[in-house]
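Here's the structure we're looking at; comments come further down.
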Amino acid sequence: MLHAIIDIGSNTVRMAIYRIEGRAFDLLMKRKYTVGLAGYLSRGRLVRAGIEKTVKILRGFRRYIETFDIRHVHAFATAALRSATNSRAAAAEIARRTGVNVRIISGDEEAAYDFVGATRSIPYPDGVMMDIGGGSTEIISYADHTMRARWSLSLGALALRRDHVAGLLPTREECRRMEAVVRAVLDADPDVCALRAVHMVGLGGVLSSASRMYGLLHPEGAPRLLPVETLPLLIDMFNTPEPLDEQRAVLLLRAAPDRLHNIVPGMIIARVLAETFAAEDILYSDSGVREGYIWKEIIGIGEP
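Each number in the numbering used here comes from the position in the sequence shown (counting from 1) with 184 added on.
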């Protein structure tokens, strides 16, 4: 059967169409719009412009759903809508105007879906997983391929950029301020700070772009593997007050064309977390919350 999975995130709104038969599923098509919904929060509320953008995108998705007669539509929202004080009213209006019912999932649920989605590709039996999103970061500790604990931190690449960056790319001083914010959030949660993992698993668009950037610079390296020691170097490449030279401009445009605005804040979060956990490398997994949702909510396998 055909299923449409719609993920309303803090940075992007995505729809993926899958064919799901028994315990197997195939990705047939996906569409993505970079919206930056976290940037439409004002005094804790999702403002009118953010609602209108979401409605417009979901109406566009409806055309695919109706054309292909997709009977099973699943839509969920993460940090940006979850943290809005008017989240219920906004979700109700979006559903009324688009016919798409949006479920707002908790930070714990998001972390759990991340783990279930990525667990089948995790090469390490023990470790720490992180999903750096636009409005929050999910942390999962696991042992023997089993989840042990999970946290949702109020750290997001888009939220950091919104609060601390004036231009497209941050200055060195803005990077220092963002790093201080990340460390302050971690200091408030000693259980997270106590985690240790030589090898980490990373999810989300920021780590996808960062691992792609490293791969372009070091094509001889292992695919999707990002050495932690390179993160400070990558951050420093793009926090200069001078215009980027051609080499750095080409690298950034190739690696992160739709994340130019939040790639550096996201790498700062990754760097501080990895250094706190004494990690040596981060392996990017391209399976995450949507695949976890399929396993748990549609197929019915996996822990919540």
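Just so it is clear, CB atoms sit at the ideal spot from N, CA and C, and this is done for glycine as well.
So the candidates are 330, 324 and 365; which of them puts its Cα closest to the Cα of residue 338? The shortest C-alpha separation from residue 338 is found at 365.
Counted within 10 angstroms of its Cβ, other Cβ atoms place residue 238 as buried (16 or more) or exposed: Under this definition residue 238 is a buried residue.
Output needed for residue 249: all residues of its chain with C-beta closer than 7 Å, excluding positions within five of it in sequence on either side, in chain order. Excluding residues within five positions, the ones whose Cβ falls inside 7 Å are 188 and 257.
Please report the straight-line C-alpha distance between residue 464 and residue 382, rounded to a whole angstrom. Answer to the nearest angstrom: the Cα atoms are 5 Å apart.
Assign residue 373 to buried or exposed, taking buried as 16 or more other Cβ atoms, counted over all protein chains shown, within 10 Å of its Cβ. Counting Cβ neighbours within 10 Å, residue 373 comes out exposed, since fewer than 16 surround it.
Return the Cβ separation of residue 348 and residue 361 in integer angstroms, given the expectation that the two are a contact with Cβ distance under 8 Å. Rounded, the Cβ-Cβ distance is 5 Å, consistent with contact.
Of the choices 246, 221 and 226, whose alpha-carbon is the least far from that of residue 236? Nearest option by C-alpha distance: 221.
Rounded straight-line distance, which links the Cα of residue 483 to that of residue 301: Rounded to whole angstroms, residue 301 to residue 483 spans 12 Å at the Cα level.
Whole angstroms is fine: what's the gap from residue 355's alpha carbon to residue 419's? About 10 Å.
How is the alpha helix (DSSP H) around residue 501 delimited, first residue to last? Past the edges of the chain, shown from 185 to 488, lies residue 501, and the structure says nothing about it.
Starting from the C-beta of residue 231, find all residues in its chain whose C-beta is less than 7 Å away, skip the five residues before and the five after it, and write them out in chain order. Excluding residues within five positions, the ones whose Cβ falls inside 7 Å are 224.
Count the other CB atoms within 10 Å of the CB of residue 252; is the residue buried (16 or more) or exposed (fewer)? The residue in question, residue 252, is exposed, as its Cβ has fewer than 16 Cβ neighbours within 10 Å.
How many angstroms separate the CA atom of residue 276 from the CA atom of residue 287? Cα-Cα distance, rounded: 10 Å.
Judging by CA-CA distance, which residue of 331, 324, 401 and 203 is the nearest neighbour of residue 254? If we check each option's Cα against that of residue 254, 203 comes out closest.
Helix, strand or coil for residue 355? Go by DSSP, reduced to three states. Note: residue 355 maps to coil in three-state DSSP.
Just the C-alpha distance for residue 323 and residue 295, rounded to the nearest angstrom, thanks. For residue 323 and residue 295, the gap between their C-alpha atoms comes out near 7 Å.
Go through its chain and collect everything with a Cβ distance to residue 214's Cβ below 6 Å, but skip five positions before and after it. Cβ within range, chain order: 200.
In or out: residue 309 buried (at least 16 other Cβ within 10 Å) or exposed? Exposed is the call here.
Delimiting residues of the alpha helix (DSSP H) encompassing residue 416: Residue 416: member of the alpha helix (DSSP H) spanning 415-421, first to last residue.
Would you mind reading off the limits of the alpha helix (DSSP H) that contains residue 449? Counting along the chain, the alpha helix (DSSP H) containing residue 449 begins and ends at 447-460.
For residue 466, tell me which candidate among 395, 317, 330 and 218 has the shortest Cα-Cα distance. Ranking 395, 317, 330 and 218 by Cα distance to residue 466 puts 395 first.
Around the Cβ of residue 331, are there at least 16 other Cβ atoms within 10 angstroms (buried) or fewer (exposed)? With 16 or more neighbouring CB atoms inside 10 Å of its own CB, residue 331 falls in the buried class.
Looking at the structure shown, is residue 488 part of a helix, part of a strand, or coil, going by DSSP? In this predicted model, residue 488 has a pLDDT of only 39, less than 50, meaning its place in the structure is not dependable; the value taken from the coordinates is given anyway. Secondary structure of residue 488 (DSSP, three-state): coil.
Flag this pair as yes or no: are the beta carbons of residue 320 and residue 385 separated by less than 7 Å? No, these two residues do not count as a Cβ contact at 7 Å.
Ordered along the chain, which non-local residues of its own chain (more than five positions away) have a Cβ less than 7 Å from that of residue 442? Taken in chain order, the residues that qualify are 218.
May I ask you to verify whether the segment 434-441 touches the segment 267-282, counting CB pairs closer than 8 Å and requiring at least 3? Touching, no, given that fewer than three Cβ pairs across the two stretches are closer than 8 Å.
Quick one: using the 10 Å Cβ neighbour count with 16 as the cut-off for buried, is residue 193 buried or exposed? It counts as buried.
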